[in-house]
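Protein chains in written order, with our numbering: chain A, 525 to 634; chain B, 7 to 235; chain C, 29 to 361; chain D, 7 to 557.
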Amino acid sequence: MGTKIVNYQEEKKVYYKVLVGLLLLTAVTFIQPHMFMTHSTFLAQMVIAVIKAWLIVIYYMHLKGEKLITAMVWFAMALVAVFFIIVIGIDVSNFQYGADSYITSAPTAN
Amino acid sequence: MSHEYIPEIATERNGTEHEVQGWQDDFYGGKLGFWLFMLTEVMMFGAMFLALAYYNTLHQQDFLDASASLNRLLGGTNTVILLVSALTMGLGLLKMRAGDVKGAKLMIWATIILAAIFLVIKGFEWSAEYHHGIFLMHDQLLADSPLPFGQKLFFGMYFTMTGLHGFHIIIGIGLMLWLLKRINAGKVSQDHHILYWNIALYWDIVHLIWVFVFPYYYMIGAGGATGGH
Amino acid sequence: MSNTLEGFSSSASTFNADMDFAFWMHIWVSVALFLSVVVPMFYFAWKYRADKVKNEEIGTLTHHTALEITWTVIPIIAVMFFFYYGNTTMKMFRTMPAESQSIVIDVEGSKWKWKYEYPANKAGHVHKIGGVYKKPTIDENGKVVEAGSMGISALYVPVNTNIILKMTAPVNDVIHSYYVPAFRMKEDVVPGRTTKQWFNASKVGEYDVECAEYCGTDHSYMYSKIVVMEKDAYEKWFEGAAEDTPKGNFAKDGKALYAQNGCASCHSIDSDATLVGPSLKGIGSKYDSQYLSDAVTNPDKDVPEGFYPGIMPAFKLSPEDLATLVKYMETGK
Amino acid sequence: MSKSYFDETHCAIGHPKSTFMQWMLTIDHKRIGIMYAAVMFTFFFVAVFTALAMRIELFAPGGQYMDGDTFNQAFTLHGVIMIFLFIIPGIPAVFGNIVMPLMIGAKDVSFPRLNWFTFWLYIAGCCIALASLFIGEGVADTGWTFYAPYSLNTGTNVIMALVAAFVLGMASILTGLNFLVTIHRLRAPGMTFFKMPLFVWGIYATAWIQLLATPVVGITLILAIMEKYFGIGIFDPAKGGDPVLFQHLFWIYSHPAVYLMILPAFGIMSEIIPTFSRKEIFGYRTIALSSASIAGIGYLVWGHHLYTSGMSDIAKTVFSFLTFFVAIPTGVKFYDWVATMYKGKIVLSTPMIWALGTIITFAIGGITGITITMIGLDIHLQDTYYTVAHFHYAILGGVVFLMFAGMHYWFPLVTGKMYNETKAKIAFYLQFVGFNLLWFPMFIAGYYGMPRRYFDYLPEFEIYHQISFFGALIFIAGLIYMFWVFFKGWTKGEAATPNPWNATTLEWHLPTSPPPLENHSKVPYVDFDPYEYHQGEPVVKFNYETMQRID
Ligand code: HEA
Ligand code: HEA
Ligand code: CUA
Ligand SMILES: [Cu+2]
């Protein structure tokens, strides 16, 4: 099996590089709300998270070059995405009961 | 048990021989299986994020307010801790594959300690929230408290999701201890490291979940209440 | 005995004709599709039965592009028709008429009764009607001695008029569904949300209302009625100030309140039997009136041994009614 | 006489001497399959009993001998057992385990120990479900759908039911995972995906549903438990939660779950039809790919259960549109099966008449599903007996009937014995007639407005319920008779040959039936298609003494 042969020094370098990348990105999450895209913090944060996740999956989890498993991962993610599109994008964004409804217009004043 | 693996041969009509894949000693099969398991984790947390996003769209402002009140410093520290622990786990696996059993064990211990620190910090956070009356079954989250719905839902999901994540960490510690035992027993070695491989994958997914949990809870309100969507 | 509900015809409301057309169109197309599967199946099973076919005669057909396209495309066309009619009928149900041209009635569904609240009439009076279904009485052989009935409580509406129902349930209650089979309409009544539906009845008569979302013990007794009246009769009643209905008067005493609010479906008051909640016989000697009125308006506050919070809905009653009800529990009058 | 898997086994731990412990600890996929069948069958009878109890109660209006609460618990118990304990493990756990590895030429599934563990997880789930009957206020009374906020308010043992469903869900996930890896890794050399028997395709599609949909309901149940125990308010309107979200999450799983049930059943149909037509199946690839597309589209249509629950109108339209596209691949399958019979040599053995009977009943079930997918009609028919009749036609007349077909088909393989064909056919006709008498009147009652989950009803509906009751009696009589025939077959039947039906797939290429412990003594190289017949005889022939190919 390919995985049994290992170039220790090479792979170790990759690990450290990725760690530095992840640490940097973490730092970016902290300065972002004060630096850029301040009007869409949510979006910015999620984009950063996706980049981080991508790094982890590709390098730490060795997904690079795994055709079959990559396809499966995409499939699962596509499914989650569709759930989001339908439930959030279609159903909730057309929520019909705004003002009338108890759960959206909280009865208790602060 | 006659589980020793002797590859079997299937012969084509023209005499060509093909090795039959048995279930024993199937490294790739083991890996594939574990990835499939991780997909179920993705769906599980995906569904929780779905619930979270559902209420987020209904109560945007409340979510920002609630997020702003979380302790970003502790959360950030925990993020870094998990980052480093993912590294130690990965390095340990590398060492194992390179034949350095002792180094690998050291790295696993390092990971376990980091995981424990993570839990301790989490405990501090939770107890601080507890003192503010924001906790499971506690006054701020009850039906008749004046906390706006959006915040109640935010915190409800917060405790559920970080709690479940913490539970995964605890399981992870257990798995690593078990791994150490297997290594000592000689069942996991340079050539048979599927167990280690999969536990490392598990640890990565635990980390991966945090990569999303952290910004969604701690960061979205960081720009003050204006940092909209 | 008739085998359909009262008023179940194709013309009780403006919905019925379209709805029934869509249904029967679908059924007949589907029967054709069904036969296109089943008839060849029987025919082949008979024509090629084992003792008639020699081995050499067995065919080898495994593909037939034209056929395959046919049986993909024809069903697609069929289902697009179905989709179209399903969708237009949905639009018909879901397109609310303008509120200015309709009567808007608030409906509250709570464990196991329906309550209606009309807009104020010219005199400023608000009609409130509601009550539980009186369960049928059955003797020990299981024979129905007295059929169940709604008595006088019903939703009274004029014929040929748009009626909008704004429906909700108390937040600590559960989901119900307001279902009028004769009008082919239903929509869930969800605690915390305000859902709507509308109708326009075309025939004077009485129609059954059922609860179509499972809601617990007496789900199957959560009936009501819609009484469709001539316009002038309705007008006459609606503008009156008295709290009576076209079918008669509501009594005003505690006993009537007890029945109307559906207390009887969960509490017995003349016997010690535990129905859903504890028996209220002699409750006055156990607690003071403050406790009793709290028990009605905020039932989860103090839960007696052996029962669970969350079962009894909170009641919002006018102070006079509450006082009368408490007095009734205390004194039986 | 060689040894079969009844005589020897591999165990998870050690080599126990006693036969009993050998069964308890076995990791052999065939034995595990049989144990699943035995347990499911037991529960199944509990659920049949509650069904009969409901039918007696509904015989006439008014409470006959139960009160409302008992009835509510009865249909919940019936639904929970039938769905979670019986039909979801159903075909995959029994036939998936027993024949799928044989069909692809594997010695076992990829993770036999996990398979063993899964079985016991399943048993644990069953025990929790059963225990809830006897603890506290008794079994949940929420219906199998556990809709919030009712499930959060009621005093009955909902938490135990939720935990049980969660554990059973875990078992289902692990089964799916195991099968996916098995199908990817352990196919015999030469067997490409498009040389797999269609049953394996059905299992493959199903396994994806088990794997990716079940976690969603798992987490939903956890949220409900959190809510009940810790008072967080995800679904509770008093705390701002929205009960409709629960319905979304629940059906995201539970709709795909119905395809999880039916796809392997369709797989069984695809095995039986060509075998008893003595002819290659029509449109192999379309059938295989339609399984995949049903599974795929099936993920996206859950909202058709929410047409009247206050979902937005646009979402309704989208869901309705998508749902119709499940009917197309299903329809293609039906036409392909019928086309397979064209110019075949049709042998009406018991498995075949079950299969043909199911074409009728499932087509009715499916087409009435189409009725309630038309939104406007569902506004009228939602939560009426029309829906109940739809899904009993689909589940009972589809999945369970095909399961029976499979039981007759693989009976000789699993037991090595043959049942009495004539008697088995009588059992079929009894059940077929009883079934239609039982459920067809319910379409009419539903159309006239008979709501479901009603323990008492208006006298107008009496006639339908009475016909239905007699149907149930005939049906259950047929059922019991069928099991009697099986029992007789197993104990007293004639010994079966390795390939009694002249079938072509690999599970019939074994030297003996019942099969030996490690299945194929020599793994074949697969250079043939799954249903290759030439003039009514399988193309691949064996000398069963030597297992040499002689074609
Ligand atoms: C095995 C189980 C199973 C299967 C396979 C199906 C298959 C289908 N179901 Fe069913 N369904 C259930 C089990 C199942 N269902 C259950 C248990 C419930 C109720 C749950 C509860 O509330 O408790 C339910 C409820 C249910 C509802 C909600 C009802 C309500 O509560 O209001 C709807 C609505 O759209 C629906 C639709 C469909 C459709 C469109 C299909 C399609 O997949 C059917 C496709 C098949 C065919 C169409 C037949 C074959 C095709 C042809 C012969 C070709 C020609 C035909 C046409 C082109 C139309 N089902
Ligand atoms: C697998 C699914 C399944 C099956 C087979 C059945 C079978 C039957 N069911 Fe149903 N039923 C449900 C699933 C099923 N049911 C569900 C999900 C509900 C909704 C519950 C709710 O509302 O929450 C329901 C609801 C329901 C109601 C409605 C209650 C109400 O709404 O008021 C009724 C009423 O009569 C009923 C009756 C029956 C009857 C008489 C049978 C008979 O046909 C039973 C006879 C038994 C069989 C035909 C099975 C034979 C199978 C075997 C013997 C298996 C052997 C197995 C092995 C060897 C491995 N069921
Ligand atoms: Cu209210 Cu059912
Ligand atoms: Cu569905």
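The C-beta atom is built at its ideal place from N, Cα and C for all residues, glycine as well.
Fair warning: this is a prediction, and the values are worked out from it, not measured in the lab.
No heavy atom of ligand 2 is found nearer than 7 Å to the CB of residue 363/D. In the three-state scheme derived from DSSP, where H, G and I count as helix and E and B as strand, residue 206/C is classed as strand. Boundaries of the alpha helix (DSSP H) harbouring residue 552/A: 532 to 559, taken from the DSSP string.
Residues are counted here when their Cβ sits less than 9 Å from a Cβ of chain C; for the stretch 550 to 575 of chain A the count is zero. For the C-beta of residue 318/D, the chain A residues within less than 9 Å are, from N- to C-terminus, 614, 615, 616, 617, 618, 619, 620. Counted as a single uninterrupted DSSP element, the beta strand (DSSP E) harbouring residue 137/C occupies residues 130 to 138. Within chain A, the residues whose beta carbon sits less than 8 Å from that of residue 324/D are 610, 614, listed in sequence order. The residues 414, 427, 430, 431, 434, in chain order, have a CB closer than 7 Å to that of residue 356/D in the same chain once the five nearest residues on each side in sequence are set aside.
Inside the stretch 473 to 528 of chain D, DSSP marks no whole beta strand (DSSP E) run of 3 or more residues.
Residue 549/D counts as exposed, since fewer than 16 other beta carbons sit within 10 angstroms of its beta carbon. With 16 or more other Cβ atoms from the protein chains shown falling within 10 Å of its own Cβ, residue 358/D counts as buried.
Shown here, residue 587/A sits in coil according to DSSP, grouped into three states, outside any helix or strand. Rounded to whole angstroms, the Cβ separation of residue 234/D and residue 149/B is 14 Å, and the two are not in contact under 8 Å. For residue 580/A, the closest Cβ of chain D is not nearer than 8 Å.
According to DSSP, residue pairing for residue 146/D in a beta bridge does not occur. The straight-line gap separating the alpha-carbon atoms of residue 103/B and residue 200/B is approximately 10 Å. Distance from residue 109/D to residue 206/D at the Cβ level is roughly 5 Å; contact confirmed, criterion being Cβ atoms closer than 8 Å.
In the DSSP assignment, the residues bridged to residue 226/C are 192/C.
Checking the DSSP bridge columns, you'll see residue 17/B partnered with 23/B. Inter-segment contact for the stretch 342 to 354 of chain D and the stretch 393 to 412 of chain D is absent: fewer than three beta-carbon pairs are separated by less than 8 Å.
When Cβ-Cβ separations below 8 Å define contact, residue 199/C makes contact with chain A. Contact note: residue 220/C reaches chain A through 625, 626, 627, using a C-beta cutoff of 8 Å and chain order.
For residue 543/A, the chain B residues whose Cβ falls inside 7 Å of its Cβ are 89, 93, in order along the chain. For the pair residue 164/C and residue 186/C, the Cα-to-Cα distance works out to about 29 Å. Looking at 552/D, 547/D, 510/D, 527/D, the one whose alpha-carbon comes closest to that of residue 535/D is 510/D. Within the stretch 312 to 349 of chain D, the alpha helix (DSSP H) runs of at least 4 residues that lie entirely inside it are, in chain order, 319 to 347. Each of 243/D, 541/D, 332/D, 253/D was checked against the Cα of residue 625/A, and the nearest Cα belongs to 243/D.
Within the same chain, and ignoring the five residues on either side of residue 587/A in sequence, the residues whose Cβ sits closer than 8 Å to its Cβ are 581, 593, 594, 597.
Assignment of residue 267/C by DSSP, reduced to helix, strand and coil, places it in the helix class.
In the three-state scheme derived from DSSP, where H, G and I count as helix and E and B as strand, residue 132/D is classed as helix. Residue range 213 to 217 is occupied by the beta strand (DSSP E) that includes residue 214/C. No heavy atom of ligand 3 is found nearer than 7 Å to the CB of residue 178/C. Within the model, the alpha-carbon separation for residue 300/D versus residue 602/A is close to 17 Å. Looking at the DSSP output, residue 243/C shares a beta bridge with no other residue.
In the displayed model, residue 121/B falls within a helix according to three-state DSSP.
Distance from the C-beta of residue 264/D to the nearest heavy atom of ligand 4 is below 7 Å.
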